[in-house]
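Colleague: Numbering (UniProt numbering), first residue to last: 1 to 577. Just so you know, even glycine gets a beta-carbon here, dropped at the ideal spot from N, CA and C.
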Amino acid sequence: MSDRARLRDLRQLTRGYRRWIGGAAGLSLLGSALALAQPLLAGRAVDAAAGGRVPWPVFGALAGLFTAQAAALALARYVQAHTGETMTRDLRHAVTVHLLRARLSVLDRVRTGDLIARACGDTAVVKTLVAQSLGTGVAGVVGLVAIVVMLGWLDVLLLGLVVVLFAVAVGSLLAVVRRLRVASRVAQTAEGTLAADLERVLGGIRTVRACRAEPVEAARLHTSAGRAYRENLRMAGLVALSGPTNDLAVSGAFLVVLLVGATRVAAGETTLGELVAFTLAMTYLSAPIYEIFQAVSSVQQGSGALHRINEVLALPVERDRPVAVVPMGGREPPVLEFRDVWFGYDRARPVLRGISFAVPSCGHVALVGPSGAGKSTIFALAERFYEPDHGRVLLRGRLLPYARHRAVVGLVEQDCPLLAGTLRENLLYGAGPAGDDDLTRVLAMTGLIPVVAALPRGLDTPVGERGGRLSGGQRQRVAIARCLLSRPEVILLDEPTAHLDPDGERALAAALREVARVCALVVIAHRFSTVRSADRVLVVDDGVVAADGTHEELLRSSSYYRRLAAGVPAQRHRAFS
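Below, the structure is given as structure tokens:
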């Protein structure tokens with residue numbers, strides 16, 4: 001990343017916070033100014049004491065300066081910390097909101113753990129950038145200039161010696177800083193990889209245990225952790241080099257000033273008070289130099305983190321298009337319609353090839369076909385998780401904004417994911433206002449009343465991470481109940497009977513018949529007990545609707561469908577007899 005791009009990112013980052021950053025810089029400058037007055041007063045005190053007088057007023061003034069300096073610097077650090085925390089909070093909010101709106105086609109290509117690392121870890125690095133560089137760096141530069149001017153006013157010769165020694169130290173620090181920028185970027189990437197690997201393992205922990213893959217995953221995580229360890233250690237080593245370099249410069253300059261200054265006092269070229277004032281002022285050089293180095297170091301580390309955050313903020317998001325009405329030629333539009341829809345996760349290999357069908361306002365439509373035929377992709381496009389490469393997905397003949405579209409189309413996924421929380425929270429998730437009567441109705445429809453009665457705290461029982469405290473069939477019924485509570489016009493169910501026993505399947509079939517009277521149902525089905533009850537069956541194969549009709553009609557017209565209905569494996573093909 002170029003220096004110009006880095007400065008542009010910093011300017012954009014500080015927009016809206018510059019008043020607070022300026023306030024922190026002003027307080028730091030005030031502390032530096034109060035510190036600069038102290039060597040002058042100390043020199044007067046020494047000269048007065050050498051003359052046999054006790055300078056009590058000077059001692060009182062020094063005590064007041066020390067107190068005021070401490071208060072100014074403490075307040076400056078608090079303002080810096082407050083600004084950093086506020087900026088981090090706002091930045092995390094911006095990143096998380098952007099991720100929630102990012103296109104799924106983009107999120108499919110990135111690792112979740114790395115995104116979490118960017119939203120949490122990288123934003124914390126940016127906080128350090130604000131707390132340790134912006135403001136204090138400016139104050140350090142101004143303070144350094146002021147101290148150098150004072151030292152020149154006190155003794156130009158001694159100042160020349162100090163400048164030579166500190167120039168060597170600054171050159172060494174700059175060499176470290178240049179290497180630190182690259183090391184910081186590599187270390188943050190290694191941290192993101194570790195977080196992604198850990199999220200991958202914990203997300204599939206049951207599969208890991210069932211496959212006895214703990215040693216394999218432990219070795220993978222050990223490798224990722226080792227890389228993060230090495231890169232962070234390399235960065236820490238570069239940072240550690242700066243401290244001794246600065247300390248050696250201060251110590252060397254102190255010794256040289258004492259030796260040369262003592263010679264000049266003995267020769268009568270300066271007074272003992274002036275030497276003490278110069279020496280004390282010179283020790284203050286280390287603070288602004290350290291602040292400048294910390295600022296540059298934090299900018300180098302923070303710019304890498306900020307670049308990674310900006311990569312997230314640059315991810316394409318779902319953007320609503322103006323609501324468009326598609327002419328229907330005087331006909332009442334269907335609730336859901338696919339018009340010549342082509343789509344592929346990789347455009348070179350389309351999954352859907354010219355899919356067209358319409359779903360009426362009420363009734364039960366079943367999608368059947370072999371695995372990989374495109375049924376789940378049809379659901380993903382119907383829910384607007386992806387956009388067609390060609391063609392249109394319409395609701396009531398219209399292209400609606402995302403939120404309005406998804407309010408009309410409810411989805412029950414096959415794996416029925418639940419969120420950590422109580423059963424009640426999962427049922428009401430996204431359902432809007434729903435009373436106890438509504439809950440009782442959907443619980444009865446989905447056969448969940450006995451399940452709720454058996455739970456220790458009823459609806460307020462926690463379901464565990466990903467709903468792990470419920471069985472697969474219970475999770476599926478909870479997902480269906482949650483969908484029913486939002487009263488959509490179209491409900492998409494991906495193999496709703498996959499985890500149900502015969503009694504539960506019969507209960508769900510009765511519920512689906514009732515729901516189909518008031519809204520549209522589109523069901524991906526493999527069990528033909530579900531297909532038989534459908535008003536219409538669409539046979540999907542190789543990305544096209546290969547046959548369309550009722551269960552009885554397809555039994556008469558399609559030998560392929562007859563083999564599917566009989567449970568006999570059939571070779572996939574596009575033509576149906």
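Do you know offhand how far Met-235's Cα is from Gly-22's?
Modeller: Taking the sequence shown and counting its residues from 1, one reaches residue 235 at position 235. Taking the sequence shown and counting its residues from 1, one reaches residue 22 at position 22. About 30 Å.
Colleague: Quick check: the Cα distance between Pro-57 and Glu-269, rounded to an integer number of angstroms?
Modeller: Within the sequence shown, numbered from 1, the residue matching residue 57 stands at position 57. Within the sequence shown, numbered from 1, the residue matching residue 269 stands at position 269. The straight-line gap from Cα to Cα measures roughly 28 Å.
Colleague: Which residues share a DSSP beta bridge with Trp-342?
Modeller: In the sequence shown, the residue the question calls residue 342 occupies position 342. Answer by DSSP bridge pairing, in chain order: Arg-353, His-390.
Colleague: Quick check on the burial criterion: 16 or more other C-beta atoms within 10 angstroms. Buried or exposed for Leu-419?
Modeller: Walking along the sequence shown from the start, residue 419 turns up at place 419. Leu-419 should be labelled exposed.
Colleague: Where do the ends of the beta strand (DSSP E) carrying Ala-366 lie?
Modeller: The count along the sequence shown starts at 1 and reaches residue 366 at position 366. 363-368 is the extent of the beta strand (DSSP E) around Ala-366.
Colleague: Would you grab the beta carbon distance between Asp-90 and Gly-369 for me? Rounded to a whole angstrom, and I think it's under 8 Å.
Modeller: The residue you call residue 90 lines up with position 90 of the sequence shown. The residue you call residue 369 lines up with position 369 of the sequence shown. About 48 Å; that fails the 8 Å criterion.
Colleague: Suppose you measure from the CA of Ala-262 to the CA of Ala-70; what does that come to, to the nearest Å?
Modeller: Taking the first residue of the sequence shown as 1, we reach residue 262 at position 262. Taking the first residue of the sequence shown as 1, we reach residue 70 at position 70. Rounded to whole angstroms, Ala-262 to Ala-70 spans 32 Å at the Cα level.
Colleague: What residues in its chain sit with their C-beta under 7 Å from that of Thr-377, if we drop five residues either side in the sequence?
Modeller: On the sequence shown, position 377 is the one that residue 377 refers to. Here the set comprises Phe-343, Val-351, Leu-352.
Colleague: Can you grab the Cα-Cα spacing for the pair Leu-161 / Arg-118, in whole Å?
Modeller: Locating residue 161 in the sequence shown gives position 161, where the first residue counts as 1. Locating residue 118 in the sequence shown gives position 118, where the first residue counts as 1. Looking at the two C-alpha atoms, the distance is approximately 47 Å.
Colleague: Rounded to the nearest angstrom, how far is the Cβ of Val-97 from that of Trp-20, given a contact under 8 Å?
Modeller: Start at 1 with the first residue of the sequence shown, and residue 97 comes out as number 97. Start at 1 with the first residue of the sequence shown, and residue 20 comes out as number 20. Actually they do not touch by this definition, with Cβ atoms about 23 Å apart.
Colleague: With a cut-off of 8 Å on the beta carbons, I'd call Ala-373 and Ala-534 a contact; round off their distance for me.
Modeller: As a position in the sequence shown, residue 373 is number 373, starting the count at 1. As a position in the sequence shown, residue 534 is number 534, starting the count at 1. About 17 Å; that fails the 8 Å criterion.
Colleague: Could you tell me the distance, in whole angstroms, from the CA atom of Ser-558 to the CA atom of Glu-552?
Modeller: Residue numbering aside, residue 558 sits at position 558 when the sequence shown is read from its first letter. Residue numbering aside, residue 552 sits at position 552 when the sequence shown is read from its first letter. Going by the C-alpha atoms only, they are around 10 Å apart.
Colleague: With Gly-410 as the anchor, note down where its beta strand (DSSP E) starts and where it stops.
Modeller: Mapped onto the sequence shown, residue 410 falls at position 410. From DSSP, the beta strand (DSSP E) with Gly-410 extends over 409-412.
Colleague: Leu-272 lies in the alpha helix (DSSP H); which residues open and close that run?
Modeller: As a working note, residue 272 is residue 272 in the sequence shown. First-last of the alpha helix (DSSP H) with Leu-272: 272-283.
Colleague: Taking 8 Å as the cut-off, decide whether the C-beta atoms of Glu-217 and Val-208 are in contact.
Modeller: Position 217 of the sequence shown, counted from the first residue, corresponds to residue 217. Position 208 of the sequence shown, counted from the first residue, corresponds to residue 208. Contact: yes.
Colleague: Look at the alpha carbon of Arg-532 and the alpha carbon of Thr-223, and state the distance between them as a whole number of angstroms.
Modeller: Numbered from its first residue, the sequence shown carries residue 532 at position 532. Numbered from its first residue, the sequence shown carries residue 223 at position 223. Roughly 53 Å between the two C-alpha positions.
Colleague: With a CB to CB cut of under 8 Å and the five nearest residues on each side skipped, what residues in its chain are close to Phe-254?
Modeller: Locating residue 254 in the sequence shown gives position 254, where the first residue counts as 1. Excluding positions up to five away in sequence, the list reads Thr-279, Met-282, Thr-283.
Colleague: Where do the N-terminal and C-terminal ends of the alpha helix (DSSP H) with Arg-538 fall, by residue?
Modeller: To locate residue 538, count along the sequence shown from 1; it is residue 538. The sequence given here has Leu at residue 538, not Arg. No alpha helix (DSSP H) contains Leu-538, which is instead part of the beta strand (DSSP E) from 536-541.
Colleague: Does DSSP classify Arg-457 as helix, strand or coil?
Modeller: Within the sequence shown, the letter at position 457 stands for residue 457. Correct three-state label for Arg-457: coil.
Colleague: Using the C-alpha atoms, what's the distance from Ala-196 back to Arg-111?
Modeller: As a first step, residue 111 must be located in the sequence shown, where it is residue number 111. As a first step, residue 196 must be located in the sequence shown, where it is residue number 196. Approximately 6 Å, taken between the alpha carbons.
Colleague: In the DSSP assignment, what are the bridge partners of Thr-86?
Modeller: On the sequence shown, position 86 is the one that residue 86 refers to. The partner list for Thr-86 (beta bridge, DSSP) is empty, contrary to what the question assumes.
Colleague: Please list, in chain order, all residues of the same chain as Pro-334 whose beta carbon is under 6 Å from its beta carbon, the five residues on each side excluded.
Modeller: Here residue 334 refers to the residue found at position 334 when the sequence shown is read from its first residue. Correct list, in chain order: Ala-358, Val-359, Pro-360.
Colleague: What residue range does the beta strand (DSSP E) around Asp-548 cover?
Modeller: Here the question's residue 548 lines up with position 548 in the sequence shown. Where Asp-548 is concerned, the enclosing beta strand (DSSP E) stretches over 544-549.
Colleague: When DSSP labels each residue in this structure, what does residue 586 get in the three-state scheme?
Modeller: In the structure as shown, the chain starts at 1 and stops at 577, and residue 586 therefore has no counterpart that could be examined.
Colleague: Under 8 Å Cβ to Cβ from Leu-221, same chain only, skipping five residues before and after it: list those, please.
Modeller: Position 221 of the sequence shown, counted from the start, is the residue given in the question as residue 221. Taken in chain order, the residues that qualify are Leu-194, Asp-197, Leu-198, Val-201.
Colleague: Which residues mark the beginning and the end of the alpha helix (DSSP H) in which Val-442 is found?
Modeller: Within the sequence shown, residue 442 is the residue found at index 442, counting from 1. Run containing Val-442: 436-445, per the alpha helix (DSSP H) assignment.
Colleague: State the CB to CB distance for the pair Pro-316 and Ala-102, rounded to an integer number of angstroms; the pair is presumed to be in contact (CB under 8 Å).
Modeller: Counting from 1 along the sequence shown, the entry for residue 316 is found at position 316. Counting from 1 along the sequence shown, the entry for residue 102 is found at position 102. About 7 Å; that satisfies the 8 Å criterion.
Colleague: For the structure I just gave you, are there three or more beta carbon pairs, one from the segment 377-391 and one from the segment 437-450, closer than 8 Å?
Modeller: They do not touch, by the three-pair rule.
Colleague: Terminal residues of the continuous alpha helix (DSSP H) containing Leu-428?
Modeller: To locate residue 428, count along the sequence shown from 1; it is residue 428. Element bounds for Leu-428: 423-428.
Colleague: Per the DSSP calculation, Val-490 is bridged to which residue(s)?
Modeller: The residue given as residue 490 occupies position 490 in the sequence shown. Looking at the DSSP assignment, Val-490 forms a beta bridge with Val-409, Ala-520.
Colleague: Determine the burial state of Leu-13: buried for a count of at least 16 other Cβ atoms within 10 Å of its Cβ, exposed for fewer.
Modeller: On the sequence shown, residue 13 is found 13 positions in, with the first residue counted as 1. Buried, since its Cβ has 16 or more Cβ neighbours within 10 Å.
Colleague: Looking at C-alpha atoms only, which residue of Ile-491, Ala-33, Arg-339, Thr-123 is the closest neighbour of Leu-306?
Modeller: Walking along the sequence shown from the start, residue 306 turns up at place 306. The residue with the shortest Cα to Cα distance from Leu-306 is Thr-123.
Colleague: By DSSP, does Pro-462 sit in helix, in strand, or in coil?
Modeller: Along the sequence shown, one-based indexing puts residue 462 at 462. Pro-462: strand per DSSP, three-state reduction.
Colleague: When the distance is taken between beta carbons, is Ala-520 closer than 8 Å to Gly-363?
Modeller: The sequence position of residue 363 within the sequence shown is 363, counting from 1. The sequence position of residue 520 within the sequence shown is 520, counting from 1. It is a contact, given that the beta carbons lie within the stated cut-off.
Colleague: Taking the CB atoms as reference points, tell me whether Pro-488 and Gly-410 lie closer together than 8 Å.
Modeller: Residue 488 sits at position 488 when you count from the first residue of the sequence shown. Residue 410 sits at position 410 when you count from the first residue of the sequence shown. Result yes, Cβ atoms of Pro-488 and Gly-410 sit closer than 8 Å.
Colleague: Out of curiosity, what's the CA-to-CA distance linking Leu-485 and Gly-435?
Modeller: Mapped onto the sequence shown, residue 485 falls at position 485. Mapped onto the sequence shown, residue 435 falls at position 435. C-alpha separation (whole angstroms): 10 Å.
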